[in-house]
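Undergrad: First the structure, then my questions, so here it is.
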Amino acid sequence: MNRILVAVETGHHSVSAAVYALNLAQRIQAKISILLIDQPGDGVDAMTMATNDEFTVQKLQALLSDCSRRDGVQVSFYVGNGSYESELVNFVQQNNISLLVVGFPASGQQDGAGRFLERLMNIKQKINCRIMIVSEKLSSTSLTLNQKRGVR
90 MNRILVAVET GHHSVSAAVY ALNLAQRIQA KISILLIDQP GDGVDAMTMA
140 TNDEFTVQKL QALLSDCSRR DGVQVSFYVG NGSYESELVN FVQQNNISLL
190 VVGFPASGQQ DGAGRFLERL MNIKQKINCR IMIVSEKLSS TSLTLNQKRG
240 VR
């Protein structure tokens with residue numbers, strides 16, 4: 090069975106990456122793991138972080154849990170403490186991940202895009218799975234659950 094990992098770094102939510110992974114997992118019968126990486130010393134609490142007024146990890150977790158139950162997709166949540174690269178590489182290697190899904194920084198965070206791509210290239214050299222980069226298209230206010238269509 091395919092295993093999909095969505096990597097979320099504190100302070101940089103990846104709603105579109107999680108939605109993409111959920112929709113893909115439903116089509117290919119895959120398991121999803123969501124890894125929230127809490128870097129020590131960044132001053133952000135991983136479980137209550139808010140990158141805007143309405144987004145929190147708990148809301149994302151509740152929404153994905155509801156959708157996964159309805160669609161029959163298994164979603165597991167994990168929290169890692171350490172550097173983004175090392176936590177991600179270790180998780181991929183230990184859990185036989187076949188696809189890594191990451192969210193590209195939103196348009197307001199373009200100053201971090203170069204650093205993001207550099208870190209992703211370092212990670213790519215250390216793991217043996219495909220990588221999907223998803224552009225952040227949704228705001229948390231537009232993320233809704235449609236009972237007939239799923240997450241939009």
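Numbering (the working numbering), first residue to last: 90 to 241.
In this text, a Cβ means the ideal position worked out from N, Cα and C, and glycines have one as well.
Grab the span of the beta strand (DSSP E) containing V178 for me, first residue to last.
TA: Not the beta strand (DSSP E): V178 falls in the alpha helix (DSSP H), residues Y173 to Q183.
Undergrad: Using alpha carbons as the reference points, say which of S187, R208 and I216 lies closest to V178.
TA: Cα-wise, what sits closest to V178 is I216.
Undergrad: Measure the alpha-carbon distance for A119 versus G201 and round it to whole angstroms.
TA: CA-CA distance, A119 to G201, rounds to 31 Å.
Undergrad: Using a 10 Å radius around the Cβ and a threshold of 16 neighbouring Cβ atoms, would you call A151 buried or exposed?
TA: A151 is exposed by the Cβ-count criterion.
Undergrad: Could you tell me if G169 is buried or exposed, where buried requires 16 or more neighbouring beta carbons within 10 angstroms of its beta carbon?
TA: buried
Undergrad: Express the C-alpha separation of F193 and F166 in angstroms, rounding to a whole number.
TA: 20 Å
Undergrad: Kindly indicate the opening and closing residues of the beta strand (DSSP E) around S103.
TA: It is not in any beta strand (DSSP E) - S103 carries neither H nor E in the DSSP assignment.
Undergrad: Are the segment 90 to 105 and the segment 184 to 191 in contact at 8 Å, needing three or more beta carbon pairs?
TA: Of all C-beta pairs linking the segment 90 to 105 to the segment 184 to 191, three or more are shorter than 8 Å, placing the two stretches in contact.
Undergrad: Alpha carbons only, please: which of I126, N184, F180 and I93 is nearest the one belonging to Q107?
TA: A small correction: the amino acid at residue 107 is Ala; Gln does not occupy that position in the sequence shown. Closest option to A107, Cα to Cα, is I93.
Undergrad: Output the boundary residues of the beta strand (DSSP E) element that contains E207.
TA: Note, E207: premise wrong, no beta strand (DSSP E); alpha helix (DSSP H) at A202 to K215.
Undergrad: Determine whether the beta carbon atoms of I126 and V97 lie at a separation below 9 Å.
TA: Yes.
Undergrad: Are the Cβ atoms of F180 and L124 separated by less than 9 Å?
TA: yes
Undergrad: Have a look at Q115, I222 and G203 and flag the residue whose alpha-carbon is nearest the alpha-carbon of V162.
TA: Q115
Undergrad: Go ahead and label L153 buried or exposed: buried means 16 or more other beta carbons lie within 10 angstroms of its beta carbon, across all protein chains shown.
TA: buried
Undergrad: Please state if the CB of I222 and the CB of I212 are separated by a distance shorter than 9 Å.
TA: no
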